[in-house]
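Read the structure below first, then the notes.
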DNA sequence: TGTTAGCACTCAACAAAAGAGAGTGCTAAC
DNA sequence: GTTAGCACTCTCTTTTGTTGAGTGCTAACA
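Protein chains in written order, with the working numbering: chain A, 10 to 342; chain B, 10 to 342.
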């Protein structure tokens, strides 16, 4: 239905309810406003558009947006050029990179953005080393494939001898090298402990620390940017709403669920949540567009845009694809 | 002047301009409204209070708040009990701790809060170790006093021999052990390089990496929380203002300057910036109360509360002192 | 001299009333 | 199937009063 498309297009731009007159005038359909009105009636009956009040124009419903996103989006309209060369520098620290990407997205789209730290799934241990840092502490350094480095300080009762350290290092490396993080289980731990002899306890500590260091860190860390952009959209800028939305973005609760949902699922393309589709009460006036990026070797994360329901889906989808693509390439040099 | 105190107290509570009648009624001064009016005239002339418009009550000016903060605050009124046992758990990762503290502050005060990561000033190197992680990379682990661990991956052209590594480790440790980070200068580097012989280049890389790893990381990292609390205060919740303030908090520009100012100065107590006193246009409707915390060995940071000018200074100062105290103790076990 | 009562005046805030304008649904004609 | 015309609805804006809090000033009082 060309008319639905026209209505949504117009509403995306202005944010105002659009009336029959406007459509009749500013499209090349060459239909009078009366005809449009009839059609509108039908569309309303189908639940694709609605009137905020009698004698106002129509605005799209969530279902209406859905149709638009699924069938009517014009991929050629993508205005990605501006961001094409965004040059995600290979930043020293992942954290900064993510924050930078979030900012980039927010600035580029004028919406709010989020990006989750990649989860380290199926990452393998590549190198372990214990060193006596001072008489009371041993430093365990664990390097994973993809050169992720973690370290942990382990207090010890007494200083270890040079030989003991050497022995333990050897032991740990031979037993854990190439083992995926998830596969470190009690059985394996027990086996290694046994071989450690007197240092059983210490080895237990080291493995615990390793597990600890790897898991909960980036667990569900989400970086956001451009939250204040919501003030650009009058329909969201109202006190009550703005407050709720900002709180949501700050606390990241709803975003967390979305990210988890994304990571759990197998789907890897663009996903669009319109209004209540995200199951989150606080998101009812927002749309969230997400996609998955993949740093390789199971390091996946989610990146997305949060904006008003009347967001420029074409543009956002384009930009997200771009970013995800860039991130995908980043570590595959 | 008891009257000024009464006016400010009242205004802090209500946020509404306070009239002569109110003061006359709800204080134990036993003065009629007429008298109060006369006094108010004087206070206005002195620039301590002002009227938003004729026929409205008076509100304090920045100067008025200043007087209050400097001379009239009632320390006994502190309502810190609620937070007394806040139990800042010794979190694994500093970052989480700081974020947690920020949230605690925001929740406890109902204002926005900020905390800067501690700057590592005068921290000394305690331990350095190079290890061959894989054929192309060497991992440099640097441990500082206070057990701050940094690491950096250095690409190398060819694998080093066991002996070479041992030699370099020995060299680096003997030359850099106990050296404050700031004192690593070109002269020192040259001297070490010379001793490194064939590995001159590699050593240079390591030291560069070390310097790199230590400095810019936590440099001016600021964690904030509770930004949305500003919506609680009608005088800030207006679109335009709220947006500016939230943007400021998100971007952290102004906060950064304040933190730097604090760290540069020698003062270590509570500091209150009222309105324009912070030199930041965007802060003109806000007050910022900060204090410095000290994790020991020169690891200092700034923690503060950002709120409306009519914030409950007594309470905020109390809580901040408490938090700073807790943080001070944290690492001094 | 400091305090108080009284009064006229000002001005924001609220509410009711009056238009204006946009948009609709429906009917009748093309 | 499309269009013109018209009465009707409802929001939004503007206007006009009205109210009430609060002031400044003057004159009386202790």
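Glycine included, each C-beta is placed from N, C-alpha and C at the ideal position. Note that this is a predicted model, so its numbers are computed, not measured.
Inset, instruction - Apply the 10 Å Cβ neighbour rule to residue 243 of chain A and answer buried if 16 or more other Cβ atoms are within range, or exposed otherwise. - result: exposed
| message | Would residue 344 of chain B and residue 194 of chain B be called neighbours here (beta carbons separated by less than 8 Å)? | response | Since the first residue of chain B shown is 10 and the last is 342, residue 344 of chain B is not available in this structure.
**Asked** Which runs of the beta strand (DSSP E) spanning at least 3 residues fall entirely within the region 258–292 of chain B, listed in chain order?
**Response** 280–283
| Looking only at C-alpha atoms, which of B/325, B/277, B/275, B/309 sits nearest to residue 297 of chain B? | B/325
Fill in: Limits of the unbroken beta strand (DSSP E) element including residue 135 of chain B
134–143
Of the residues A/141, A/128, A/151, A/121, which one's Cα is nearest the Cα of residue 134 of chain A? A/151
> When you check each C-beta in the region 167–199 of chain A against every C-beta of chain B, which residues fall closer than 8 Å?
Replying inline: none
*asked:* In chain order, what are the residue ranges of uninterrupted alpha helix (DSSP H) at least 4 long that sit wholly in the region 163–190 of chain B?
replied: 171–185
Could you list the residues in the region 249–279 of chain A with a C-beta less than 8 Å from some C-beta on chain B, going in chain order?
251, 252, 255, 256, 259
Would you say residue 52 of chain A faces chain B, with C-beta separation under 8 Å as the test?
-> no
Checklist entry - Just checking my contact of residue 218 of chain A with residue 140 of chain A at CB under 8 Å: how many whole Å lie between their CB atoms? => result Between residue 140 of chain A and residue 218 of chain A the Cβ distance is about 14 Å, and since that is not below 8 Å, they are no contact.
Starting from residue 107 of chain A, trace the alpha helix (DSSP H) in both directions and tell me its first and last residue. 103–118
Distance, residue 106 of chain A Cα to residue 98 of chain A Cα: At residue 98 of chain A, the pLDDT of 39 sits below 50, so the modelled position is not reliable and the matter cannot be decided from this model.
- Task: Verify the CB distance criterion: does residue 132 of chain A have a CB-CB separation below 8 Å to chain B?
- Result: no
Output needed for residue 281 of chain A: all residues of its chain with C-beta closer than 6 Å, excluding positions within five of it in sequence on either side, in chain order.
78, 298
Any idea what DSSP makes of residue 300 of chain B, helix, strand or coil?
strand
Residues of chain B with CB closer than 8 Å to the CB of residue 236 of chain A, please, in chain order.
255, 259
Applying the criterion that 16 or more other CB atoms from any shown protein chain within 10 Å of the CB defines a buried residue, is residue 63 of chain B buried or exposed? exposed
By alpha-carbon positions, which one of A/293, A/189, A/283 ends up nearest to residue 322 of chain A?
A/283
### Residues, ordered as in the chain, of the region 17–39 of chain B that lie near chain A by beta-carbon distance below 8 Å
none
Next item on the list: Give the straight-line distance between the Cα atoms of residue 329 of chain A and residue 315 of chain A, rounded to the nearest whole angstrom.
Entry: 12 Å
At 7 Å on the CB atoms, spell out the chain B contacts of residue 138 of chain A, in chain order. 140
- request: Measure the Cβ-Cβ separation of residue 236 of chain A and residue 267 of chain A and say whether it is below 8 Å.
  value: no
Measuring only the C-alpha atoms, how far is residue 247 of chain A from residue 148 of chain B? 52 Å
**Prompt:** What residues from chain A crowd round residue 158 of chain B, counting only those whose CB sits closer than 9 Å?
**Reply:** 142, 148, 150, 160, 161, 162
Quiz item: Which residues bound the beta strand (DSSP E) around residue 317 of chain A?
Solution: 308–317
Cα-Cα separation between residue 269 of chain A and residue 229 of chain A, rounded to whole angstroms: 8 Å
Next on the checklist: Going residue by residue through the region 15–65 of chain B, where are the continuous alpha helix (DSSP H) segments of at least 4 residues, counting only ones entirely within it?
Outcome noted: 29–35, 42–54
Legend entry - Collapsed DSSP secondary structure at residue 126 of chain A in the structure displayed: coil
### Task
Grab the span of the beta strand (DSSP E) containing residue 198 of chain A for me, first residue to last.
Segment 195–205 is the alpha helix (DSSP H) holding residue 198 of chain A; no beta strand (DSSP E) there.
Should residue 238 of chain A and residue 119 of chain A be called a contact, given that it needs their Cβ atoms to be closer than 8 Å?
yes
Next item on the list: Return the residue from the list B/240, B/192, B/103 that minimises the CA-CA distance to residue 254 of chain A.
Entry: B/240
Quiz item: From the DSSP output, which residues share a beta bridge with residue 295 of chain A?
Solution: A/317
**Message:** With distance defined between alpha-carbon atoms, name the residue in A/285, A/202, A/42, A/327 nearest to residue 279 of chain A.
**Reply:** A/327
What would DSSP say about residue 70 of chain B, mapped onto helix, strand or coil?
coil
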